[in-house]
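Trainee: Sharing a structure here in structure tokens format.
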Amino acid sequence: MPKSSFYNEELYPSPMRHTWNEFQRNHIALAGLWCLGFFVLLVLLGPWLLPFGPLDQNTEAILLPPAWDANGDVSHLFGTDGIGRDLLTRVVHGCQITFGASLFLVLLAMLIGCSIGAYAGMSRGLRASIINHLLDAIMAIPTLLIAIIIVAILGTGLMNSMWAITLALIPQFIHHTRDMVRREYKKEYVTAARLDGASELRIFFHSILPNMIEMLVVQATMALSVAILDISALGFLSLGAQSPSPELGAMLSDALETAYVAPWSISLPGAAIFLMVLSINLVGDGLRTALKNRLSQ
Amino acid sequence: MPLLDIKNLTLEIDTPLGWIKALDKINLSIDSSEVRALVGESGSGKSLVVKSIVGALPDRWKVTADRMNWKGRDLLSMSDSQRRAITRSEMSVVLQNPATSLDPSATLQEQIEESISDSQLDRGWFWQRRQQRRLIATQQLHKVGIRDHDVCLASYPHQVAEDISQKFALAMALVSNPKLLIADNPTMGMETTTKIQVLRLLAKLNKTRELSILFVSHDLLAISAMADTMTVLYCGQTVESGKMSQLKRRPLHPYTKALLDSAPSFRRDLPPKAALSSLDGTIPTLQHLPIGCRLGPRCPRAQKECVKMPDVRRIHEHYYACHFPLHRDKT
Amino acid sequence: MLIYLGRRLNLLLITLLILCIASYILAFLFPGDPLTNLSGTPSPSDDQAQQLRLMYALDEGALAGFWQYLKLTLVGEWGLSLSSQNPIFDDICQFLPASIELSLYAMFVSLLVGIPLGIIAGLNHRRISDMGILSVSLVGFSLPVFWLALLLILIFALQWGGLPMSGRVSLLYDIPHQTGFILLDIIMSNVANKQQVLLDALNHLILPTLSLSIVTSSLVIRLTRRSVINVMASDYIKAAFAKGLSRPQVFWRHGMKNALLPIMPQLAMQFTVLLTNAMIVEVIFSWPGIGEWLIQAIYQRDFPAIRGGMLAVSALVVIVTISVDLLIRMIYPLSKKQIHAQV
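Protein chains in written order, with my numbering: chain A, 61 to 357; chain U, 502 to 832; chain P, 17 to 359.
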């Protein structure tokens, strides 16, 4: 951004702006952001742009290779699967389900986790100590394992797996929020606010929350990539979304039978998951570095 | 020949706003068995000078100098291993914040014994050598005033108090019998009695072992008693340097005078509630260095010419860099 | 230190107790008769039912019932599987080692690859080698493990055909079950051509281990790199340079220990992630481990088996994390300070 300034004046950007400036300097992360934006657009607009439905079967074109293959056909850009469903359509719808569901459940988990975490961080004594110790134990168990256990209890299905992953993600949010609240709570500006007679709620919303919102965003991107991986893993194990649904993981397990004759039906949906997770990780990493650079200056 | 002779040392730092000269043409020389004080406000680049002498700066920073000689050999052009050999055996340094400059995962014994070079030991089997190392370490600890050496040596850095770790850092620097000790604020935060002890120890070593000392501090009262010569830094520029006595009696640079005045004095004739004299303003940050003489905006005697960097002028052994020095208005 | 040890053991016991309580409650939450869910007897006759009610002390209130359940759990009486009618505890003893074995090898490989690469990247911070390693690790970290496993099968087992794609060892060989660790079992057994069998088992190990360790080693790289960068920027490293030590000396004597020790717990924590990923990979490679067993149990709605498997896996995870944490606290001096600061 070209700045012409006659007076050798220093521009002090706002914290958000500063983070954004730092983020922009990292080109790879910026590319990740573009990629993520593309996926969001795809999720929002994709289904309207496609001529086929995710469950439509074209019996004349079964196991058609992708368009770039010699035997491929342009009408089915990514080819078709074993019962003649258009793969491109299914991948786009799959992104919608996988990405949309993950986004929703991460937001839900963040809301619940942060409230409990904030409560745990602001409270003292026995209650806090019990929450701490329990959390330490639960944090050690990987989310996917918790999710599998919860699915085992609730039964299979996309909704159930979403609940399971939400529940599995909550402990992490609680843990991080609690730590951040604790850290901020010790600082002088919070003490100053308290001496001014601010209530606990006010301290939290006006002093602590603005200072940790960015860390929460970073945390949410990390959780988002975990959620996508977990939801598709559950789909793949047929514990989450069930077979005809175009969820990406479920599609992969569908394609197992035809893997040898139609390798693209495995590689393409998987690549979609991979790209989604990669772009989210890039953005998350970039944000974290940007924040760290900002704080270290 | 001076022990260490530095001419026009410049250090450039990479910041988001481009390269900035954190040190600008520093001149410094130390003769053997001389005690030189390096003074300046905090942020004036004293620690950077120390670090660039011993080569403990990040690789990305650029150090250039017309001359940086150790006993006539150029430090900057010699190979890494040669330079290390010199820093290992002939120079020693006490960095600021001794508590953080100790390895947290090793006991103090391991760390002090690492500084003892093999040439200090008699030949012998390795267990004998180990005992010798232990003995040397213990003696050195006693010298700097740590009495319970066993406890000290067995503990980890986080287990000892701040002033003990400071003394320990000093012991670690002295244990290899260096020619030059570079002490970056070695008495910071010590209580007065221990401070006097340490200063006395340094003075004694200076007299008996001909140890040269580069004493970095902003504590003028502590330094003035023991230092022979003094160099004053401001914002990474050498402002004035010369004999301690001369500098104290007739400072030529306005900054030196301000620095000397700002030390609390115990004169009887002070009027009650007299203000402690100090310069207006604060030391500028690295991003906002003024051009020319960096003292310019704060200087009581600044004039138009001060936007040009003054040349270093010399009267006998007294160097100063100012267009309008004190006491010399007639010339 | 002893107090800390006590606290951690306390935490371990409490967590295990909570897990037991959870699994006991599950028996009542699962659809169907709690008695069937506890014992695994599909539809007991009146006589049997009476006996089982006595055995699980179901009529004496919740606390007595749980106490009885706890005792039975401790002696290894975990009920029968609904689908196969095998004792669950024996099944778990047979399948769990296979999973642990796979995870251990994968852990070993990822540490072997990840730590040196992480150190190299950390030492060359902001140079090309760092960028390269970092981007590769970012890619590896984003790969879904099941997709990776499928791709590896597609490439190495189907296209190239050089590597087997399922099982632990070729069906030709009959290895008696002793420890559950296939390589150990082969060595301890007395089959003909031991070398050949071992080689075959190793061949079977390659693909699952590879797919697990790619993901984990990229995590290890990232952790190590961050830690090395932080340590190399610290004051004591500068002080060590100022003492006149050379770069390798500084790193080996001061950098290495300080960089690796603090991330040990996190590295060890990767084992639990690995174990979970191993459960997925087992399904793909038909590896007879606890993951495949548990997921089969979920398909068949085999509630006693789900309960048992869940209890076993989560107990293993908790025990591993807490004991590793404890071990590291003992050897790392700085963390002792944190123990006291926490009180």
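Even for Gly, the Cβ is constructed at its ideal location relative to N, Cα and C.
This one's a predicted model, so the numbers in the text were calculated from it and none came from an experiment.
1) Should VAL652/U go down as buried or exposed, given a rule of 16 or more other Cβ atoms within 10 Å for buried?
2) For the candidate residues PRO320/P, MET346/P, ILE338/P, whose alpha-carbon lies nearest to that of PRO47/P?
3) Does LEU104/A get closer than 8 Å to chain P when you measure Cβ to Cβ?
4) What is the rounded straight-line gap between the Cα of ASN528/U and the Cα of GLN583/U?
5) Classify ALA38/P as helix, strand or coil using the three-state DSSP reduction.
6) With a threshold of 8 Å between beta carbons, is ASN509/U in contact with chain D?
7) So is VAL321/A buried or exposed if we call it buried at 16+ other beta carbons inside 10 Å?
8) Would a check of beta-carbon distances place TYR20/P closer than 8 Å to chain U?
9) Under a three-way DSSP split, which group does ASP506/U fall into?
10) In three-state DSSP terms, what is MET76/A?
11) Let me confirm a value: VAL343/A is counted as buried when at least 16 other C-beta atoms fall within 10 Å, else exposed. Which label applies?
12) Taking 8 Å as the threshold, find out whether the region 169 to 183 of chain P comes into contact with the region 111 to 124 of chain A through three or more Cβ pairs.
13) What distance in whole Å lies between the Cβ atoms of GLY544/U and ALA523/U, which are believed to be in contact at a cut-off of 8 Å?
14) So is PHE233/A buried or exposed if we call it buried at 16+ other beta carbons inside 10 Å?
15) How do the region 711 to 724 of chain U and the region 788 to 799 of chain U stand: do at least 3 beta-carbon pairs fall below 8 Å, yes or no?
16) At the level of alpha carbons, what is the spacing between LEU366/A and GLY181/A?
17) Look at the alpha carbon of LEU290/P and the alpha carbon of PHE138/A, and state the distance between them as a whole number of angstroms.
18) Quick check: the Cα distance between ILE268/A and ARG262/A, rounded to an integer number of angstroms?
19) Determine the contact status of GLN212/P and MET204/P, defining contact as a CB-CB distance below 8 Å.
20) When we look at the beta-carbon of ILE326/A and count the other beta-carbons within 10 Å, is it buried (16 or more) or exposed?
21) I think GLY324/P touches ILE131/P, with their Cβ atoms under 8 Å apart; what is that distance to the nearest whole Å?
22) If we define contact as Cβ-Cβ less than 8 Å, is ILE279/P a contact residue for chain A?
23) Between SER55/P and chain A, is there a C-beta pair that is closer than 8 Å?
24) Which two residues bound the contiguous beta strand (DSSP E) that contains MET691/U?
25) Restricting to Cα atoms, I'd like to know which of THR709/U, ALA607/U, ILE697/U is closest to ALA726/U.
26) Kindly indicate which three-state DSSP category GLY307/P falls into: helix, strand or coil?
27) Tell me whether LYS246/A is buried or exposed, calling it buried when 16 or more other Cβ atoms sit within 10 Å of its Cβ.
28) Excluding sequence positions up to five away, which residues of its chain have a Cβ less than 6 Å from the Cβ of GLU298/P?
29) Note the first and the last residue of the continuous beta strand (DSSP E) segment covering LEU529/U.
30) To test your reading of the DSSP string, which unbroken beta strand (DSSP E) runs of 3 or more residues are found completely within the region 189 to 244 of chain P?
31) Around the C-beta of TYR72/A, are 16 or more other C-beta atoms found within 10 angstroms, so that it is buried, or is it exposed?
32) For the beta strand (DSSP E) holding SER730/U, just list the boundary residues, first then last.
33) Would you verify that the beta carbon of THR688/U is, or is not, closer than 8 Å to some beta carbon of chain P?
34) From LEU654/U to SER606/U, what does the alpha carbon distance come to, in whole angstroms?
35) Please tell me whether LEU504/U and LYS552/U are closer than 8 Å, where the distance is taken between their beta carbons.
36) With a threshold of 8 Å between beta-carbons, can TYR252/P be considered close to chain U, or not?
Mentor: Taking the definition as stated:
1) To locate residue 652/U, count along the second sequence from 1; it is residue 151. Flag for VAL652/U reads exposed.
2) Position 31 of the third sequence holds residue 47/P. It is PRO320/P whose Cα lies nearest to the Cα of PRO47/P.
3) To locate residue 104/A, count along the first sequence from 1; it is residue 44. By this cut-off, LEU104/A is not an interface position.
4) The sequence position of residue 528/U within the second sequence is 27, counting from 1. The sequence position of residue 583/U within the second sequence is 82, counting from 1. So the two alpha carbons sit approximately 23 Å from each other.
5) On the third sequence, position 22 is the one that residue 38/P refers to. Looking at ALA38/P - three-state DSSP - the assignment turns out to be helix.
6) Within the model displayed, chain D is absent; protein chains A, U and P are what it includes.
7) In the first sequence, the residue the question calls residue 321/A occupies position 261. Its Cβ having fewer than 16 others within 10 Å, VAL321/A is exposed.
8) On the third sequence, position 4 is the one that residue 20/P refers to. Not one chain U Cβ lies under 8 Å of TYR20/P.
9) The sequence position of residue 506/U within the second sequence is 5, counting from 1. Looking at ASP506/U - three-state DSSP - the assignment turns out to be strand.
10) Reading the first sequence from its first residue, position 16 is the one you call residue 76/A. Helix, per DSSP.
11) For the purposes of this step, residue 343/A is taken as residue 283 along the first sequence, with counting starting at 1. The residue is buried, with at least 16 neighbouring Cβ atoms inside 10 Å.
12) When Cβ pairs closer than 8 Å are counted between the two stretches, the region 169 to 183 of chain P is seen not to touch the region 111 to 124 of chain A, the count staying below three.
13) Indexing the second sequence from 1 puts residue 523/U at position 22. Indexing the second sequence from 1 puts residue 544/U at position 43. Not quite, the Cβ-Cβ distance comes to about 10 Å (not below 8 Å), so this is no contact.
14) Residue mapping note: residue 233/A aligns to position 173 of the first sequence, counting from 1. PHE233/A sits buried, since 16 or more C-beta atoms from the chains shown fall within 10 Å of its C-beta.
15) Taking a contact to require three or more Cβ pairs closer than 8 Å, the region 711 to 724 of chain U and the region 788 to 799 of chain U do not qualify as touching.
16) Because residue 366/A is not part of the residues shown, which for chain A are 61 to 357, the question remains open.
17) Here residue 290/P is taken as the residue at index 274 of the third sequence, counted from 1. Here residue 138/A is taken as the residue at index 78 of the first sequence, counted from 1. The straight-line gap from Cα to Cα measures roughly 33 Å.
18) As a position in the first sequence, residue 268/A is number 208, starting the count at 1. As a position in the first sequence, residue 262/A is number 202, starting the count at 1. Distance between the alpha carbons of ILE268/A and ARG262/A: 9 Å.
19) Stepping through the third sequence from its first residue, residue 212/P is reached at position 196. Stepping through the third sequence from its first residue, residue 204/P is reached at position 188. No.
20) Stepping through the first sequence from its first residue, residue 326/A is reached at position 266. If you draw a 10 Å sphere on the C-beta of ILE326/A, you find 16 or more other C-beta atoms in it, and that means buried.
21) In the third sequence, residue 324/P corresponds to position 308, counting from 1. In the third sequence, residue 131/P corresponds to position 115, counting from 1. Rounded, the Cβ-Cβ distance is 36 Å, inconsistent with contact.
22) Here residue 279/P is taken as the residue at index 263 of the third sequence, counted from 1. Chain A contact via Cβ: absent.
23) Position 39 of the third sequence, counted from the start, is the residue given in the question as residue 55/P. Any Cβ of chain A closer than 8 Å to the Cβ of SER55/P would place that residue at the interface, and such an atom is absent.
24) Here residue 691/U refers to the residue found at position 190 of the second sequence. Neither: MET691/U is in no beta strand (DSSP E) and is coded neither H nor E.
25) Taking the second sequence and counting its residues from 1, the one referred to as residue 726/U is at position 225. Of the candidates THR709/U, ALA607/U, ILE697/U, the one whose C-alpha sits nearest the C-alpha of ALA726/U is ILE697/U.
26) The sequence position of residue 307/P within the third sequence is 291, counting from 1. Taken through DSSP and simplified to helix, strand or coil, GLY307/P comes out as helix.
27) Numbered from 1 along the first sequence, position 186 holds the residue referred to as residue 246/A. Counting every other CB atom within 10 Å of its CB across the protein chains shown gives LYS246/A a total below 16, marking it as exposed.
28) As a first step, residue 298/P must be located in the third sequence, where it is residue number 282. So the qualifying residues of the chain are GLY305, GLY307, GLU308.
29) One-based indexing of the second sequence puts residue 529/U at position 28. Here the beta strand (DSSP E) through LEU529/U covers 519 to 531.
30) List check, beta strand (DSSP E) in window: nothing returned.
31) Locating residue 72/A in the first sequence gives position 12, counting from the first residue. Flag for TYR72/A reads exposed.
32) Looking up residue 730/U in the second sequence gives position 229. It should be pointed out that residue 730/U corresponds to Thr in this sequence rather than to Ser. 730 to 735 is the extent of the beta strand (DSSP E) around THR730/U.
33) For the purposes of this step, residue 688/U is taken as the residue at position 187 of the second sequence. Not one chain P Cβ lies under 8 Å of THR688/U.
34) Locating residue 654/U in the second sequence gives position 153, counting from the first residue. Locating residue 606/U in the second sequence gives position 105, counting from the first residue. Between LEU654/U and SER606/U, the C-alpha separation is close to 13 Å.
35) By 1-based counting over the second sequence, the position of residue 504/U is 3. By 1-based counting over the second sequence, the position of residue 552/U is 51. Against a cut-off of 8 Å, the Cβ pair of LYS552/U and LEU504/U comes out as no contact.
36) In the third sequence, the residue the question calls residue 252/P occupies position 236. True, the Cβ-Cβ gap to chain U drops below 8 Å.
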